[in-house]
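Each residue of the first sequence is one higher than the one before, starting from 1 at the first, in the working numbering. Cβ atoms here follow ideal geometry from the backbone N, Cα and C, with glycine treated the same way. What you are looking at is a predicted structure, and each value in this text was computed from that prediction instead of being measured.
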Amino acid sequence: MSESFDLSAFDESPGAVPHVEASRPEPPYLAELNGAQREAVEATEGPVLVLAGAGTGKTRALTTRLAHILRLGLARPGEVLAVTFTNKASREMKGRVEDLLQRPVESLWLGTFHAMGARILRRHAELAGLTANFTILDTDDQIRLLKQVIEAARIDEKKWPARNLAALVGRWKDRGVGPRQAGSDNAGDFAFGKGASLYAAYQERLKSLNAVDFGDLLLHCLAIFGNHADVLAAYQRRFRYILVDEYQDANVAQYLWLRLLARAHHNICCVGDDDQSIYGWRGAEVGNILRFEKDFEGARVIRLEQNYRSTPHILAAAAGLITNNAGRLGKTLWTEALEGERLQVRGVWDGEAEARFVGEEIEALRSQGHSLNEMVILVRAVFQMREFEERFLTLGLPYRVVGGLRFYERREIRDAVAYFRAVAQPADDLAIERIVNVPRRGIGSTTVQAMHRLARARDLSLVQAAEELVMTEELRAQARRALSNFLTRLDRWRVEKTRLPHVEFAEFVLDDSGYTAMWRNDKSPDAPGKLENLKELVAAMDEFENLEEFLEHVSLVMENEDSGTGDKVNLMTLHGAKGLEFDTVFLPGWEEGVFPNQRSLDEGGSNALEEERRLGHVGLTRARRRIRLSFAASRRVYNQWQSSIPSRFIDELPKDSIEYTSEPGLYEGRRTRTLQEDHVSRFDVSERPSTGRRRNRHGRAATSGGLVLEGRAEVVDARESAGVFRVGARVFHQKFGYGHVLSVDGNRLQVAFDKAGTKRIIDSFVEAA
DNA sequence: TAGGGAATATTTTTT
DNA sequence: ATATTCCCTA
Numbered sequence: 001m002s003e004s005f006d007l008s009a010f011d012e013s014p015g016a017v018p019h020v021e022a023s024r025p026e027p028p029y030l031a032e033l034n035g036a037q038r039e040a041v042e043a044t045e046g047p048v049l050v051l052a053g054a055g056t057g058k059t060r061a062l063t064t065r066l067a068h069i070l071r072l073g074l075a076r077p078g079e080v081l082a083v084t085f086t087n088k089a090s091r092e093m094k095g096r097v098e099d100l101l102q103r104p105v106e107s108l109w110l111g112t113f114h115a116m117g118a119r120i121l122r123r124h125a126e127l128a129g130l131t132a133n134f135t136i137l138d139t140d141d142q143i144r145l146l147k148q149v150i151e152a153a154r155i156d157e158k159k160w161p162a163r164n165l166a167a168l169v170g171r172w173k174d175r176g177v178g179p180r181q182a183g184s185d186n187a188g189d190f191a192f193g194k195g196a197s198l199y200a201a202y203q204e205r206l207k208s209l210n211a212v213d214f215g216d217l218l219l220h221c222l223a224i225f226g227n228h229a230d231v232l233a234a235y236q237r238r239f240r241y242i243l244v245d246e247y248q249d250a251n252v253a254q255y256l257w258l259r260l261l262a263r264a265h266h267n268i269c270c271v272g273d274d275d276q277s278i279y280g281w282r283g284a285e286v287g288n289i290l291r292f293e294k295d296f297e298g299a300r301v302i303r304l305e306q307n308y309r310s311t312p313h314i315l316a317a318a319a320g321l322i323t324n325n326a327g328r329l330g331k332t333l334w335t336e337a338l339e340g341e342r343l344q345v346r347g348v349w350d351g352e353a354e355a356r357f358v359g360e361e362i363e364a365l366r367s368q369g370h371s372l373n374e375m376v377i378l379v380r381a382v383f384q385m386r387e388f389e390e391r392f393l394t395l396g397l398p399y400r401v402v403g404g405l406r407f408y409e410r411r412e413i414r415d416a417v418a419y420f421r422a423v424a425q426p427a428d429d430l431a432i433e434r435i436v437n438v439p440r441r442g443i444g445s446t447t448v449q450a451m452h453r454l455a456r457a458r459d460l461s462l463v464q465a466a467e468e469l470v471m472t473e474e475l476r477a478q479a480r481r482a483l484s485n486f487l488t489r490l491d492r493w494r495v496e497k498t499r500l501p502h503v504e505f506a507e508f509v510l511d512d513s514g515y516t517a518m519w520r521n522d523k524s525p526d527a528p529g530k531l532e533n534l535k536e537l538v539a540a541m542d543e544f545e546n547l548e549e550f551l552e553h554v555s556l557v558m559e560n561e562d563s564g565t566g567d568k569v570n571l572m573t574l575h576g577a578k579g580l581e582f583d584t585v586f587l588p589g590w591e592e593g594v595f596p597n598q599r600s601l602d603e604g605g606s607n608a609l610e611e612e613r614r615l616g617h618v619g620l621t622r623a624r625r626r627i628r629l630s631f632a633a634s635r636r637v638y639n640q641w642q643s644s645i646p647s648r649f650i651d652e653l654p655k656d657s658i659e660y661t662s663e664p665g666l667y668e669g670r671r672t673r674t675l676q677e678d679h680v681s682r683f684d685v686s687e688r689p690s691t692g693r694r695r696n697r698h699g700r701a702a703t704s705g706g707l708v709l710e711g712r713a714e715v716v717d718a719r720e721s722a723g724v725f726r727v728g729a730r731v732f733h734q735k736f737g738y739g740h741v742l743s744v745d746g747n748r749l750q751v752a753f754d755k756a757g758t759k760r761i762i763d764s765f766v767e768a769a
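Below, the structure is given as structure tokens:
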């Protein structure tokens, strides 16, 4: 990790590499591979493209290849570059390589594109106009900064929101387009063509803050490689072997980065699956995979098609779906597995019924001895998760949300990190701005604005400006005192940073600033959790050498903590599921508009539809044994009921591999006639007399009382039939937990919650406990 | 300056 | 419907 940059070190001849192991008999790991996998491992020299379908052992081939290269002594660990897209994937790869070699492997260049970009950039920061301790901004900081840039240009931020500009800049960066080239690029339709100049201004601001955003990690590398041939040459010589996972997800910037680095040795091996390209929206170019053979002459293409994961029915379903896409490289997955169950496709009335169905299925499987860890619910979008969470809570079914909001994105963590940044990096205005009045210390927006004005006028950092400001008469006495106190504190922290070990320093700053006290005094129900998270953050710091290393980790790697190790059902998005596998996969919400997602279709046309289909393909191929797919006839969106029609993707699944098990009554007795006929009319809500009433169900029905749903008794839940709660009744609330009713006034309850204090609640938000 | 209340957007996916 | 952000008043 801490090797210093030294050009001469790159030139060591491979003769220094020990060849002892090469003469040994065939390593045992090769025997475990099939022919194609083995070919992918042993073809170490020259460009190789491995087209690997889902479940064909692609990660195994890639990790074995890496281990093989090291074992044969073809390169030393420091001479291999292995890039992945996620931190998880790189952790896994490292672990598996070490398992194969049966020893720890250090100094490999193994990590995400962004982490590797950051590593290179830190060594040459000055070539990009930065210093080595530059800050990596996350999306949130980025948007706040862009907002300032927009306002500085006297553009109405309301008409031209910073997030739109962030998206535009992001797209430029994905394509490797710097602010200069952006001008000639016609995509600059932000604020009447001011996009490119705002982009330039933003880059200037970043430089003056000694900061970069995610895209810059690669873009700056590209610029350095372009302007400093010696630096590029050194890396080209260094990386004797390059391995790339999930190549179909590479954007243009990443592609250019790889192409430059691979130019000396051409020993590049990319593994990918064009059918699993699901990140087009953030700049991934399937085209990269298609042109590999052109870019690297004499490239060898190896196909991995034997699937070790799923049953034939599942593979048939996946194939049936994906063949509807045009322009594939084309692979045919096959398996030796036994036939297994057919896919269950179930139509339900609404989202609630869907959650109920999934819950029942899970409980049934569990009672047959299946582990919850082996079940997953894959949704298209996070908002779909809520219904399942609610259902699982009432059932008492343990679950974990994978992905959700990441640890680092939580407010308390961002605040704490901002404190550390403010101390460690004097020019980090964004960090200062974030914490200057958190907790409240009487430094309000008037004061901050004054700081900004002075900083801009004299080209100072915010802290420098503040230091000047307290010397003047500009602020009122009260504000001046407050600001001066803050500056004194900040100074003190800077001193402590050099004296204390970083963990103690962190504790000290959080306490001394009053930040922990702020949460301790906070009565809200999630305050204790925030304190927990802060503790966790500080504890996590222990694993790092110093504060700087920790800050790097936090911006690039920090993920949400493992949500427990127990036996739990998994809940995640389809995107989040890539690379994972489960015995049982639930695929809810296969309706037009939800999946394929309407917004996605609106933005991207037929390309987007194909990407949605690939997403479906990813979902289906996660399953080893069984799939339960469902769609609802109507769903509550915002506060309105919306009818929906089954996803066109359902029609694309081969009939022989499917079994329909829709809810009784849903098709008015015609449910054996199926989904292949015109489904629009079947789901036209106007045909369903109960619709109007259902619409009321979550609105006024509870108060008007006495509604009887003819023939639909099963959907009337306990809450309504019970009418009102009595004083003293135990109740449960989604957010506040358990409590008892203090008073009742129509549908309004006053509830004393065990943890969250006393609240006034509408009765429909609690349920009997 | 702080705090409450109104107005506003949110719901695609993320390194 | 809910969460955040913004604006106004005390």
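* **Contacting residues, own chain, Cβ-Cβ under 8 Å from Arg636 (five flanking each side not counted)** => Within the same chain, Arg636 has close Cβ partners Asp350, Gly351, Gln642, His698.
* Determine the DSSP secondary structure at Gln425, reduced to helix, strand or coil. => Reduced to three states, the DSSP call for Gln425 is coil.
* **Residue closest to Gly529, alpha-carbon to alpha-carbon, out of Leu556, Arg411, Leu206, Val48** => The shortest Cα separation from Gly529 among Leu556, Arg411, Leu206, Val48 belongs to Arg411.
* Count the other C-beta atoms from every protein chain shown that fall within 10 angstroms of the C-beta of Lys173, then say buried if there are 16 or more, exposed otherwise. => Result: buried.
* If you count every other CB in all the chains shown that lies within 10 Å of the CB of Asn307, and 16 or more means buried, which is it? -> Around the CB of Asn307, 16 or more other CB atoms lie within 10 Å, so the residue is classed as buried.
* Is the region 574 to 590 in contact with the region 362 to 377, if contact means three or more CB pairs nearer than 8 Å? -> A contact exists between the region 574 to 590 and the region 362 to 377.
* To do: Going by DSSP, name the residue or residues bridged to Leu629.
  => Paired residue(s): Val345, Leu587.
* **Span of the alpha helix (DSSP H), counted from its first residue to its last, around Glu387** => Residues 385 to 395.
* To do: Identify whether Arg636 lies in helix, strand or coil by the three-state DSSP scheme.
  => Note: Arg636 maps to strand in three-state DSSP.
* **Residue interval of the beta strand (DSSP E) (run including Ala82)** => That run of the beta strand (DSSP E) goes 80 to 84.
* **Proximal residues to Glu106 (C-beta, below 7 Å), its chain only, five neighbours per side dropped** => In chain order, Pro77 place their CB closer than 7 Å to the CB of Glu106, counting only its own chain and leaving out the 5 sequence neighbours on each side.
* Asked: Which residue from Leu629, Leu531, Ala52 puts its Cα closest to that of Glu361?
  -> Selected option, being the one with the closest Cα: Leu629.
* Span separating the alpha-carbon of Val50 from that of Glu507 -> When rounded, the distance between both Cα atoms is 49 Å.
* Please name the residue, chosen from Arg38, Ile627, Ala191, that lies closest to Leu304 on a Cα-to-Cα basis. => Nearest to Leu304 by alpha-carbon distance, out of Arg38, Ile627, Ala191, is Arg38.
* To do: State the start and end residues of the unbroken beta strand (DSSP E) segment that holds Ala52.
  => Ala52 -> beta strand (DSSP E) spans 48 to 52.
* Lys158, buried or exposed, once every other Cβ within 10 Å from all chains shown has been counted against 16 -> Per the 10 Å Cβ criterion, exposed.
* To do: State the beta-bridge partners of Phe582 as determined by DSSP.
  => According to DSSP, Phe582 bridges with Ala623.
* Asked: Do Ile413 and Phe420 have their CB atoms nearer than 8 Å?
  -> Annotated as distal: Ile413 and Phe420, with beta-carbon spacing of 8 Å or more.
* To do: Determine which residues share a DSSP beta bridge with Gln142 and list them.
  => Looking at the DSSP assignment, Gln142 forms no beta bridge with any residue, so it has no partner.
* Asked: Just reading off the beta strand (DSSP E) that Trp109 is part of, what are its end residues?
  -> Per DSSP, the unbroken beta strand (DSSP E) holding Trp109 starts and ends at 109 to 112.
* **Own chain residues within Cβ distance below 7 Å of Val554, not counting five before or after** => Within the same chain, Val554 has close Cβ partners Tyr408, Val417.
* To do: Would you please state the rounded distance, in angstroms, between the beta carbons of Leu321 and Arg613? I believe it to be under 8 Å.
  => Right, the Cβ-Cβ distance comes to about 6 Å (below 8 Å), so this counts as a contact.
* **Stretch-stretch touch, CB-based, cutoff 8 Å, three pairs: the region 493 to 502 with the region 461 to 476** => The count of Cβ pairs closer than 8 Å, one atom from the region 493 to 502 and one from the region 461 to 476, stays below three, leaving the stretches out of contact.
* To do: Would you kindly work out how many angstroms separate the C-alpha atoms of Asn164 and Leu146, rounded to a whole number?
  => Straight through space, the alpha carbons of Leu146 and Asn164 are spaced by roughly 10 Å.
* **Rounded C-alpha distance that separates Arg119 from Val402** => Roughly 28 Å between the two C-alpha positions.
* Val286 and Gln248: beta carbons closer than 8 Å? -> Their beta carbons are under 8 Å apart, which means Val286 touches Gln248 by this criterion.
* **Boundaries (first-last residue) of the beta strand (DSSP E) holding Thr573** => Unbroken beta strand (DSSP E) run through Thr573: 569 to 573.
* Asked: Around the Cβ of Gly369, are there at least 16 other Cβ atoms within 10 angstroms (buried) or fewer (exposed)?
  -> Looking at its Cβ environment, which holds fewer than 16 other Cβ atoms inside 10 Å, Gly369 is exposed.
* **Arg180 versus His313 - alpha carbon distance** => Distance between the alpha carbons of Arg180 and His313 is about 53 Å.
* Do the region 598 to 610 and the region 68 to 77 touch if we need at least three Cβ pairs shorter than 8 Å? -> With the cut-off at 8 Å, the region 598 to 610 and the region 68 to 77 do not touch.
* Tyr202 burial status per 10 Å Cβ neighbour count (16 or more: buried) -> If you draw a 10 Å sphere on the C-beta of Tyr202, you find 16 or more other C-beta atoms in it, and that means buried.
* **Cα-Cα separation between Glu714 and Ser662, rounded to whole angstroms** => Only weak support exists for where Glu714 lies, its pLDDT of 28 falling under 50; the value from the coordinates is given anyway. Near 16 Å, if we compare the C-alpha coordinates of Ser662 and Glu714.
* **Nearest-angstrom Cα separation, counted from Thr498 out to Asn546** => Looking at the two C-alpha atoms, the distance is approximately 11 Å.
* Asked: Below 8 Å between beta carbons: does that hold for Thr621 and Ala318?
  -> Against a cut-off of 8 Å, the Cβ pair of Ala318 and Thr621 comes out as a contact.
* **Alpha-carbon to alpha-carbon, Gly195 and Asp213** => Each residue's Cα considered, the two are about 17 Å apart.
* Asked: When you compare only the Cα positions, how much space is there between Ala162 and Ala152?
  -> Here the alpha carbons of Ala152 and Ala162 stand approximately 12 Å from one another.
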